[in-house]
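The block underneath contains the structure these notes are about, expressed in structure tokens.
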Ligand SMILES: CC(C)(COP(=O)(O)OP(=O)(O)OC[C@H]1O[C@@H](n2cnc3c(N)ncnc32)[C@H](O)[C@@H]1OP(=O)(O)O)[C@@H](O)C(=O)NCCC(=O)NCCS
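Residue numbers (this note's numbering): 5 to 453.
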């Protein structure tokens, strides 16, 4: 029955989120979410079984989402429901997008972040997601975004749309009962004593964190510039994810500062005292842009009192464990993909990365959606990359590899080794591709969206 119910598309963006009467006579804003926003918000949150929050809270979500530049699109049912059912204004399919930037390695590129993807169970498997995402990517490409990115709740859906994993995150658990310490030679090599750590209330530090984020984004491949409302939530200045418009009261913060200014910030929460066996602290947020800041800050945070174990997230590679006298004190408790990236402009993407060695390649990029498929030539000379789209393989001794656009996105950030091992990168230039796409620094993004 559901298959035949007609649908009508909608767009909701910017001031559509806010009641027009939200302005008083002087033009000052009294933010109140519009009815359309309210229904959309409820649908999106309930799609993930999350309480959409009180009316007051939805007003704040509306303001935050408008300030982030979020645009929602999707579908509503075109015809009214039977009279005996209460009126229903929630959409049946939603997709959201917002502008940001993504660090590809040597350059930061504009990126269209996709979020709030959902289709009502009554309308699944009839192509609504495919239509929404095709239109979203096409629009982003037309508007000049070289990249799109999203985070997923299921791993088997988005590769068909050309998204490949660009960053992973590992949750580490540090056993503080082992008398953990950073190696003195690490602290010395990084010269951490030029700075000091201050205890702070993180909820008051949104401006400082925003500055740190900008600096860390500049030096961290795979990172995405944090929209300010996400920063507010991560620091606990609002507690929208916890259902409150008030700031968190239970968070502690630590900042590492040198005479050049702040270099690192950690926000700490505690899992509570119900389990008296193990007291668990959580580094809820960690932002830094120098290794000195990271080590200087962790030297203090690792010594928090009354904490048996401390959890935090980092890129794969065990950076913190490597800095410790007893690396076994750090155990990886889970690993998951975080950001999936979609190339919308292969030339721009190829020219925004550092390469492991000079050389020339032809990439035969397959894209089932037809957005970027074709042949590309990449020349890296003295470390600087030039790419162009070509009509036919140029036979001046340049070999080719064939790969899907999703796998090119992954290789761009993380190298191609695992993909080539299982035959997902093919062709005579595969070895050359692997050497050129070798990665020195594991990419990382420190928030989800
Ligand atoms: C996932 C979801 C958005 C799919 O929407 P949909 O409109 O039913 O999807 P479509 O009918 O457009 O399917 C598009 C393709 O994805 C595939 N697909 C859909 N859901 C899938 C799933 N859960 N796992 C694997 N593949 C899936 C379809 O088979 C189809 O493949 P094909 O076009 O290559 O044949 C929807 O089921 C949903 O809202 N789920 C709950 C929330 C969620 O998981 N959101 C996405 C994660 S962020």
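Note that beta-carbon positions come from the ideal geometry of N, C-alpha and C, so glycine has one too.
Treat the numbers as computed from the prediction; the structure is a model and nothing was measured.
Candidates the options, of which the one nearest residue i by Cα
i: residue 372; options: 347, 408, 224 and 62; result: 408
i: residue 357; options: 393, 441, 315 and 385; result: 441
i: residue 185; options: 193, 16 and 302; result: 302
i: residue 258; options: 304, 435 and 67; result: 304
i: residue 102; options: 354, 337, 77 and 254; result: 77
i: residue 175; options: 377, 313, 420 and 435; result: 313
i: residue 42; options: 54, 94, 129 and 12; result: 94
i: residue 148; options: 384, 350 and 211; result: 350
i: residue 292; options: 340, 214, 62 and 365; result: 214
i: residue 14; options: 136, 171 and 405; result: 136
i: residue 109; options: 393, 400, 387 and 54; result: 387
i: residue 362; options: 415, 55, 406 and 384; result: 384
i: residue 99; options: 59, 445, 51 and 38; result: 51
i: residue 353; options: 111, 179, 49 and 447; result: 111
i: residue 284; options: 327, 274 and 183; result: 274
Counterpart residues of residue i in DSSP-defined beta bridges
i: residue 334; result: 178
i: residue 256; result: 272
i: residue 107; result: 112
i: residue 344; result: 154 and 169
i: residue 417; result: Answer is none; residue 417 lacks a bridge partner.
i: residue 75; result: 17 and 101
i: residue 289; result: 271
i: residue 37; result: 22
i: residue 456; result: Outside the modelled stretch of the chain, which goes from 5 to 453, sits residue 456, for which no answer is possible.
i: residue 228; result: 106
i: residue 439; result: None; residue 439 has no bridge partner.
i: residue 81; result: 11
i: residue 284; result: 313
Secondary structure of residue i, DSSP reduced to three states
i: residue 5; result: For residue 5, the pLDDT reaches just 44, beneath the cut-off of 50, and the residue's location in the model is therefore unreliable, although a value from the coordinates is still provided. The answer is coil: DSSP assigns residue 5 none of H, G, I, E or B.
i: residue 240; result: coil
i: residue 426; result: coil
i: residue 355; result: coil
i: residue 266; result: strand
i: residue 93; result: coil
i: residue 362; result: coil
i: residue 377; result: coil
i: residue 214; result: helix
i: residue 220; result: helix
i: residue 194; result: coil
i: residue 300; result: helix
i: residue 130; result: coil
i: residue 314; result: strand
i: residue 12; result: strand
i: residue 406; result: strand
i: residue 384; result: strand
i: residue 161; result: coil
i: residue 369; result: strand
i: residue 120; result: strand
Ligand 1 heavy atom lying under 7 Å from the CB of residue i
i: residue 272; result: no
i: residue 157; result: yes
i: residue 169; result: no
i: residue 164; result: yes
i: residue 80; result: no
i: residue 343; result: no
i: residue 133; result: yes
i: residue 297; result: no
i: residue 223; result: no
i: residue 100; result: no
i: residue 122; result: yes
i: residue 452; result: no
i: residue 374; result: no
i: residue 234; result: no
i: residue 130; result: yes
i: residue 431; result: no
i: residue 161; result: yes
Contact test: residue i Cβ vs ligand 2 heavy atom, cutoff 7 Å
i: residue 51; result: Annotation note on ligand 2: not contained in the displayed structure, which lists ligand 1 as its ligands.
Interface flag, residue i vs chain C, CB-CB below 8 Å
i: residue 175; result: Within the model displayed, chain C is absent; a lone protein chain is all it includes.
Next on the checklist: Whether or not the segment 57-75 and the segment 228-245 are in contact is what I'm after, with contact meaning three or more pairs of Cβ atoms, one per stretch, closer than 8 Å; do they touch?
Outcome noted: As far as the Cβ criterion goes, the segment 228-245 touches the segment 57-75, which means the pair count is three or higher.
Checklist entry - Hey, is the segment 342-350 in contact with the segment 183-200, meaning 3+ C-beta pairs nearer than 8 Å? => result Touching, no, given that fewer than three Cβ pairs across the two stretches are closer than 8 Å.
Checklist entry - Pairing CB atoms from the segment 431-445 with CB atoms from the segment 401-420, are three or more of them under 8 Å? => result With the cut-off at 8 Å, the segment 431-445 and the segment 401-420 touch.
Next on the checklist: For the structure I just gave you, are there three or more beta carbon pairs, one from the segment 186-195 and one from the segment 235-246, closer than 8 Å?
Outcome noted: No, the segment 186-195 does not touch the segment 235-246.
Checklist entry - Counting pairs of Cβ atoms below 8 Å between the segment 322-337 and the segment 154-166, do you hit three or more? => result By the C-beta criterion, the segment 322-337 is judged not to be in contact with the segment 154-166, since fewer than 3 inter-stretch pairs fall below 8 Å.
Checklist entry - How do the segment 105-118 and the segment 141-156 stand: do at least 3 beta-carbon pairs fall below 8 Å, yes or no? => result Under the three-pair Cβ rule at 8 Å, the segment 105-118 counts as touching the segment 141-156.
Next on the checklist: If contact is defined by three or more beta carbon pairs under 8 Å, each pair taking one atom from either stretch, is the segment 78-94 in contact with the segment 202-211?
Outcome noted: Cβ pair count under 8 Å is below three, so no.
Checklist entry - Three or more beta-carbon pairs under 8 Å between the segment 245-252 and the segment 263-270, yes or no? => result The segment 245-252 and the segment 263-270 do not touch, with fewer than 3 CB-CB distances between them shorter than 8 Å.
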